[in-house]
Every structure is written in C-alpha cells, then in structure tokens.
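So the sequences go chain by chain: A and B. So that you can map any letter, position 83 of the first sequence is 491 in the working numbering, and since no number is skipped, the others follow by simple counting. So that you can map any letter, position 233 of the second sequence is 641 in the working numbering, and since no number is skipped, the others follow by simple counting.
Protein chains: 2
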Amino acid sequence: MGGESKILMGAGPSNCCEKVLDAMSNPILGHLHPENLMIMDEIKEGIKYLFQTQNPATMCISGSGHAGMEAAMCNLLEDGDVVLMGVTGLWGNRAGDIAQRYGADVHYVRARCGYALSFEDIREAFQTYNPKVFFIAQGDSSTGVLQSFISDIGDLCRRFNCLLVVDIVASLGSAEFLMDEWKVDVAYTGSQKVLCGPAGITPISFNQRALNKIKARQSKVKSYYFDITLLGQFWGCFGTSRIYHHTVSSTLLYGLREAIAIVCQQGLKNMIRRHIECSYRLQKGIENMGMEMFVPEPNHRMSSINVIKIPNGVDWRKVSQYAMNKYFLEIAGGLGPTVDQVFRIGLLGENATEEKVDLVLTILREAIQNTSGITLNERSKI
Amino acid sequence: MGGESKILMGAGPSNCCEKVLDAMSNPILGHLHPENLMIMDEIKEGIKYLFQTQNPATMCISGSGHAGMEAAMCNLLEDGDVVLMGVTGLWGNRAGDIAQRYGADVHYVRARCGYALSFEDIREAFQTYNPKVFFIAQGDSSTGVLQSFISDIGDLCRRFNCLLVVDIVASLGSAEFLMDEWKVDVAYTGSQKVLCGPAGITPISFNQRALNKIKARQSKVKSYYFDITLLGQFWGCFGTSRIYHHTVSSTLLYGLREAIAIVCQQGLKNMIRRHIECSYRLQKGIENMGMEMFVPEPNHRMSSINVIKIPNGVDWRKVSQYAMNKYFLEIAGGLGPTVDQVFRIGLLGENATEEKVDLVLTILREAIQNTSGITLNERSKI
C-alpha cells in the first residue's frame with residue numbers, strides 16, 4: 409500500500425509496533441507443526457498472566473472480539489437458559505442479541521447512559537431473574553464506562569449459582585483485572601486494543617465452573633467453530649493429545665505472541681499505570697479546553713477509550729476527517745448509544761504516551777477550530 | 409522465529425510467497441478506513457473472478473474454512489430443515505455435524521471411501537429426502553476425491569427447489585469451477601490452499617436464490633458472527649451504507665489481496681492447467697515407484713491434494729518426520745476416514761511446479777527407503 413502509517417487513536421484497532429508487524433511476515437507454519445504449537449503455548453501462558461488466571465482452558469478464538477463474545481455465550485447457554493445482561497452501552501445489548509439467537513431467555517439490567525451499574529441494581533435483577541449466566545463489560549467502548557466492583561459481582565454470582573462472563577475486550581491492560589481472585593468464570597479480550605496485536609485472534613479463558621456447566625449440557629454447542637471443548641483440545645488445554653479443529657493462522661499467532669511479549673516485558677502493573685496516567689492527562693486537557701467527558705463520574709471512566717461530548721456547533725465527522733487528512737491521526741465518533749454525540753479517543757498500548765496525548769489534544773483543538781470556527785478555552789494550550 | 413522456511417506440501421496451509429508475506433507487515437488499518445474498504449472491494453472482485461460469479465453477496469468470513477462451512481449452513485438452515493450431505497470423505501460428515509448442531513434434519517448420501525458419488529445415488533437420495541439444502545465438497549481433502557458433474561447436481565437442485573452448497577476449500581484453482589453457470593447457490597474456499605494466502609479469512613459467495621431463502625427465514629440466524637446479511641452490509645454487498653459488524657484483520661486482507669492478485673495475473677485457466685499437469689506428473693512418479701493412488705478412478709482425483717496409499721511395512725509418521733527433519737518438507741498423513749492409510753501431498757499454488765513434484769518424489773522415495781528398508785521400483789528415478 410505504501411504511504412504514511414496512520415496514528416490509530418480511535419476505539420481500535422490500535423497500531424502494531426514494528427516488531428509485531430515484522431513477525432507477521434514470517435514464513436507460514438502448519439497448524440500442528442511443533443513450532444506453531446510452541447507459539448500457541450507461549451500465547452496461552454501470556455494470556456494467563458494478562459488475565460491473572462491459572463485456568464488451563466485458556467486459548468484463542470480464531471476470530472474478532474465479537475467471536476469471543478459469541479464463543480462465551482454459545483458454550484454456556486442452552487435453549488431457555490436465563491441469562492442477565494448488564495448494560496452500560498452497546499456491548500450488553502450485543503451480548504443479549506447473540507444469546508437470544510442461541511435460544512436463551514435474555515433479560516437486561518440497564519444503567520443510565522454514561523453511568524456504571526450500581527451493585528443494588530444488579531442484585532435486584534438477580535433476585536428478579538435468578539440468571540444462570542450474567543454478562544458485564546468491564547469497559548464499554550461505546551460509552552467509555554468502566555464497571556467497578558466486579559469482585560463483588562463475582563461473589564454475588566456464586567451465591568446465585570450463576571456464571572460470570574466479563575468482556576475485557578477494550579479494558580484489559582488499562583485497568584486492573586484479576587480473573588481468579590474476582591471469581592470471573594469466562595473472560596475474553598481484544599487482540600487489537602491495548603495489546604496492540606493484530607485483529608482476528610481473540611484470547612479467552614474458561615474456569616472449571618464454566619467447564620462443568622459445558623460438560624453438563626443436554627445439547628451440543630450449536631457452533632462447531634466456537635465449541636470450546638474441541639478448540640481447547642486443539643490448544644492443548646485438557647492434557648489430551650492435540651486434535652485438528654480448524655486451521656489457525658500462524659501469521660496472527662506470530663503477531664499476537666510478539667504483542668503479548670511486549671506487554672509482559674513492561675509488566676502489567678506498569679502498563680495499567682501508564683494508561684491511567686495518560687488518560688488523566690487527556691481528561692485534564694479536554695476539560696481545560698472547556699469540553700466535557702461523557703461519563704460524569706471520574707472513577708467510572710475507562711482509561712483506554714476516552715469518550716468526550718461533542719460541543720454544540722461542532723461536526724464530529726469534519727473534525728475526524730480534518731485530523732486524518734492533515735495528520736493521519738484517527739479520532740473516532742460514537743457507536744451505538746453514543747452515535748453523533750461523542751468523540752472517542754483511544755489510548756491503546758503504544759499510543760498511551762504523554763507525547764501522543766499532547767498530540768491528539770493539539771490536533772483536536774485545531775480540528776475543531778478549523779472546521780467549526782469555535783474558539784476553545786486558551787487554557788487548553790499544553 | 410528465524411530458521412529455514414518449510415516447504416509446505418501437506419494438505420494446507422501452503423506457503424505464502426514473499427509478496428504476500430511482505431504485505432502482511434504493512435501498517436494496520438481501521439476496519440472502516442477507505443483504504444481498507446478499497447482492499448475489501450478488490451478482494452470481492454477477485455473472488456468473483458475466481459468463483460466465476462456475478463453475485464453481489466461475495467465477501468469473506470473472518471475465520472478459517474471451517475467457519476465458511478458453518479456460515480453456509482447456519483444462514484441457510486432453520487430448525488427442522490431437511491438437508492442432504494453428499495459424503496466423499498470427512499467434509500460431508502463435518503457439514504452434517506454442523507447442520508445438526510444448528511437444528512437441521514440431516515441426511516447423508518455416502519460414496520464408498522475413495523470414490524465419487526454417482527449421479528444416480530444423489531438423485532435417489534433427493535427422491536427419498538426431498539432436501540431444502542444439498543451439500544457437496546468439490547474436492548474432499550481427506551480422500552482426494554474430486555466430485556464431477558456439479559453442473560448436473562445444480563440442475564437437479566433446481567428441479568427439487570433445493571439450494572446447492574459446494575465446498576471448494578481445497579479444489580478452487582486446481583479444477584474448473586463455474587459458480588453461476590453450474591447453478592451453485594453458495595460456495596466458499598480456503599485462503600491457504602491453492603490461493604496461497606494466509607489462513608483465517610475465507611472467501612464465500614451467496615447467489616440471489618440463497619439470499620431469498622435467508623430473507624424468508626422465520627428465525628434469526630443463530631450466529632451473529634456468521635450472519636451474512638450483517639456481514640454483507642459491512643462488505644458493501646447490498647448497495648447500502650457500510651455498517652460495522654466486526655473488526656476485520658487488515659493484515660489478513662493485505663495478504664489475501666496479494667495472493668488473489670497473483671492468481672489473477674497468472675489467469676485461472678493457466679493455474680488450473682498447471683495443477684492438473686503437475687498432479688499427473690506426481691501420479692506417474694508414484695505409480696512408477698510401485699505405489700498406488702487412493703482414488704482408483706483417475707478422473708476423480710483432485711490435482712491439488714494427492715492421496716497415496718501407504719505401502720505395507722511403511723510407517724507414515726517416520727516418513728513424514730524424515731522429510732521434515734532432513735529437508736524441511738511437509739508430507740501429510742491421512743485425515744478422518746484415511747487416518748494411518750495414506751500420504752497426502754499438496755500441490756497448492758506456488759508448490760504446483762515440476763521442480764517441486766520431482767523434489768517431493770525424490771524425498772518420499774528416500775524417506776520410505778530409509779525408514780522402512782523397503783526398496784521401491786527403480787523406474788521411480790526421475
């Protein structure tokens with residue numbers, strides 16, 4: 409393609425660094441070649457560290473984050489199973505759509521748009537619906553809402569004999585997440601968000617409670633492709649010999665392995681701290697310009713996806729195009745419930761740096777002023 | 409990873425050439441960036457040429473060939489729909505497993521192992537079951553059987569108001585395939601076989617009859633990820649504006665685009681002729697060594713996946729390991745119904761050359777002689 413590399417500060421994908429990109433031009437490996445299996449094993453160990461879990465059933469879905477969500481739902485759910493979706497933006501609804509397609513009896517507990525769910529709301533919904541599975545996104549990339557007290561939800565789920573599925577697609581690496589300690593039964597993340605790996609290969613983990621529910625199914629999982637029992641055999645999760653399930657892309661494995669290695673090298677805690685500090689700097693800059701964050705409560709803001717209200721008189725499309733055309737910088741618009749209402753700025757992995765924060769603030773200011781004629785507060789100069 | 413690049417002459421994946429590998433280290437693009445959409449459009453046009461179709465609903469599934477099979481099944485089938493699987497090896501059974509998972513009423517018409525189906529068998533099964541969907545693999549990579557007279561099956565399907573799904577994962581580019589002329593309603597191929605692209609991105613095409621069946625569904629497609637109506641909107645197939653469906657991997661798109669461009673440059677007919685000629689040379693070499701092809705009828709042999717009976721006293725694992733350890737050459741064993749019975753030699757794309765045929769014959773002979781002590785016919789010297 410040639411041309412300038414873009415700076416991807418939308419909601420993802422993020423940029424892959426040179427090391428990751430280079431790895432993806434390595435020669436192709438067969439899906440059962442020992443070298444490929446070794447890379448898969450290294451990725452598994454990496455995911456365990458990133459998720460803070462010891463689950464043997466830790467692997468990747470050969471598909472996007474949506475495929476991870478679908479794999480979680482279709483393995484756990486059978487026709488008529490009651491499932492409760494915590495909704496803090498688009499993703500709870502999407503999980504509900506997917507669960508309904510697979511035949512579940514879907515209910516929702518919804519937060520006011522831009523707010524996290526309260527523990528009270530969740531507990532009441534549990535009492536009303538007595539769900540077998542509860543879903544929540546730790547971070548909802550459409551609203552920028554970060555759901556806290558997942559550990560308490562984990563305890564609640566145990567009391568109700570319910571499985572807890574947590575979507576950490578956009579939050580992993582930018583907020584603390586302790587899968588085992590918090591009693592999360594299934595979690596999956598995006599490869600192309602904070603991890604800065606390639607899209608199309610989605611880390612996922614199931615604990616023993618989740619596997620027990622799957623083992624006790626009355627019916628086969630409706631999807632062969634997402635069947636964790638078969639996929640986990642291929643990924644060597646169950647101590648049995650590897651069986652061909654599908655042809656995994658060695659190219660994506662190469663890329664993901666390097667991306668995970670980079671995070672491991674930095675250390676998860678450092679990674680999270682850096683994202684929080686950069687997001688704080690960005691939020692300060694936004695507020696200094698006289699603009700507002702979409703999520704009113706600072707503790708409920710994601711640090712990876714920063715969602716900003718569009719000021720009156722500003723056309724986000726023009727702003728976004730200006731930034732892309734002049735600076736090859738991506739700033740995203742809204743999604744789902746926030747369409748046409750917000751900018752979304754991703755501080756994802758290698759783009760979570762002070763320099764990138766200052767760059768995006770400067771370009772955002774210039775883009776708004778040049779496309780709308782609005783003068784923003786002088787304080788915004790960094 | 410470093411190290412020597414392997415020569416992948418198993419059943420796939422095949423090698424990607426330098427141009428394809430290089431393309432995959434290009435900078436990441438967002439899934440809705442104009443450059444990414446342009447690549448998707450080019451891929452669509454390429455697939456139309458390769459499939460010999462004008463179907464607007466031509467796109468890629470972000471998943472392996474298995475995902476393509478699943479997408480075909482779950483979009484066309486509703487609970488209780490009668491589907492008939494033509495079985496010439498593993499893949500008809502796999503399609504049956506998938507269709508059953510999705511709630512269909514599955515029946516089979518089975519060929520004797522190593523043989524193609526006769527038109528009579530298929531017609532009788534149609535009369536018995538009156539299926540809404542018929543599945544057949546043009547080439548079954550587990551047995552090496554090539555199913556001919558697909559055009560006649562297309563006519564039969566029209567008479568029975570049945571949809572025809574043809575799996576061309578391992579055959580496309582190595583045998584003639586005329587989607588529109590033959591009245592094939594759904595077809596999908598592997599990116600990592602003859603096309604020599606990366607695994608994980610699967611070309612698929614639906615014609616209007618297939619779309620009509622999907623439009624008339626009483627229930628939603630059970631899979632969101634494989635829902636062709638949503639995916640086709642993202643791929644710009646229906647003349648409506650593009651809607652985000654999932655994050656497609658720009659890396660895999662880069663690779664697939666280059667792989668398709670290389671085939672287009674060569675011309676489909678030349679490509680097919682080269683595969684047939686190379687396969688013929690290989691078969692001659694095999695027979696000269698005193699070995700036998702698994703498929704007795706020469707006209708029913710695939711040219712891409714060449715399946716050879718293991719001579720008595722030969723351990724295929726040792727042969728395969730010898731070839732890999734000494735020459736970095738992959739020769740595959742059997743799969744499904746042919747496990748432990750055959751070698752499978754892939755002449756896939758860039759490996760379908762006289763030189764590679766002679767190389768694999770020489771190494772196979774040496775490997776068999778060195779691991780089993782058996783002396784093969786002298787005639788086998790090329």
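Positions of the beta carbon are idealized from the N, C-alpha and C atoms, including for glycine. Please read all numbers here as calculations on a predicted model, not as lab measurements.
For Ala533(B), the uninterrupted alpha helix (DSSP H) segment begins and ends at 527-537. For the C-beta of Asn423(A), the chain B residues within less than 8 Å are, from N- to C-terminus, Pro435, Ile436.
Sequence-distant partners of His439(A) (beyond 5 residues in either direction) whose C-beta falls short of 6 Å from its own C-beta, in its chain, are Thr655, Val656.
Short of 8 Å from the beta carbon of Lys427(B), and not among the five residues preceding or following it, lie these beta carbons of its own chain, in chain order: Glu666, Ile670. Going by C-alpha positions, Glu685(B) is about 10 Å away from Asn678(B). In terms of beta-carbon proximity, Arg650(B) stays away from the interface with chain A, with every pair separated by 8 Å or more.
Segment contact: the stretch 616-625 of chain B against the stretch 497-508 of chain B, fewer than three CB-CB distances shorter than 8 Å; contact not assigned. Between Leu784(A) and Arg773(A), the gap from beta carbon to beta carbon is short of 8 Å. Runs of the alpha helix (DSSP H) spanning 4 or more residues and lying entirely within the stretch 572-657 of chain A occur at 616-623, 636-642, in chain order.
Distance from the CA atom of Ser472(A) to the CA atom of Trp643(B), rounded to whole angstroms, is 15 Å. Between the beta-carbon of Cys468(A) and that of Cys604(A) there is about 16 Å, and that puts the pair past the 8 Å contact cut. In the structure shown, the three-state DSSP call for Asp723(B) is coil.
With a threshold of 8 Å between beta carbons, Pro606(B) makes contact with chain A.
In terms of Cα proximity to Leu572(B), the closest of Val541(B), Ser549(B), Ser649(B) is Val541(B). Considering only Gly741(A), Gly754(A), Gly744(A), Ala731(A), the residue with the shortest C-alpha distance to Ala775(A) is Ala731(A). Residue range 513-518 is occupied by the beta strand (DSSP E) that includes Asp513(A). Gly454(A) and Thr648(A) have their alpha carbons spaced roughly 21 Å apart. Secondary structure note for Ala465(A): its beta strand (DSSP E) is the uninterrupted segment 465-469.
Setting aside the 5 residues that flank it on each side, Phe702(B) is surrounded in the same chain by Gly522, Thr551, Gly552, Val715, Ile716, Lys717, Thr746, Gln749, Val750, each with a C-beta closer than 8 Å to its C-beta; the list follows chain order. In the three-state reduction of the DSSP assignment, Glu738(A) falls in the strand class, which pools E and B.
In the DSSP assignment, Leu564(B) falls within the unbroken alpha helix (DSSP H) covering 558-567. Burial of Gln546(B) is indicated by the presence of at least 16 other C-beta atoms within 10 angstroms of its C-beta. Within chain B, no residue has its beta carbon less than 9 Å from that of Glu532(A); the closest one is some 28 Å off.
According to DSSP, Ile753(A) shares a beta bridge with Asn714(A). Between the alpha carbons of Met417(B) and Cys482(A) lies a distance of about 36 Å. The C-alpha of Ser579(A) lies about 6 Å from the C-alpha of Ser712(A). In terms of beta-carbon proximity, Lys623(A) stays away from the interface with chain B, with every pair separated by 8 Å or more. The distance from the Cβ of Arg681(A) to that of Ser631(B) is about 39 Å, inconsistent with a contact at the 8 Å cut-off.
Going by beta carbons, Ile609(A) and Leu676(A) fall outside the 8 Å limit.
The contact set of Gln600(B) on chain A, defined by CB atoms closer than 9 Å, consists of Ile436, Thr655, Ser657 in chain order. Membership of Gly693(A) in the alpha helix (DSSP H) is indicated by the continuous run 676-696. Proximity of chain A to Ala475(B) at the Cβ level (cut-off 8 Å) is accounted for by Ser470, Gly471, Tyr633, His654, in chain order.
Looking from the CA of Ile651(A), the closest CA among Leu498(A), Ser422(A), Leu638(A) belongs to Leu638(A). Identification of residues in the stretch 729-750 of chain B having a C-beta nearer than 9 Å to some C-beta of chain A yields Met732, Glu738, Ala740, Leu743, given in sequence order. Its chain contains Ser780, Ile782 as the residues whose beta carbon lies nearer than 7 Å to that of Gly721(A), once the 5 sequence neighbours on both sides are disregarded; these appear in chain order. Under the Cβ distance rule, Ser413(A) counts among the residues neighbouring chain B, one pair being separated by less than 8 Å.
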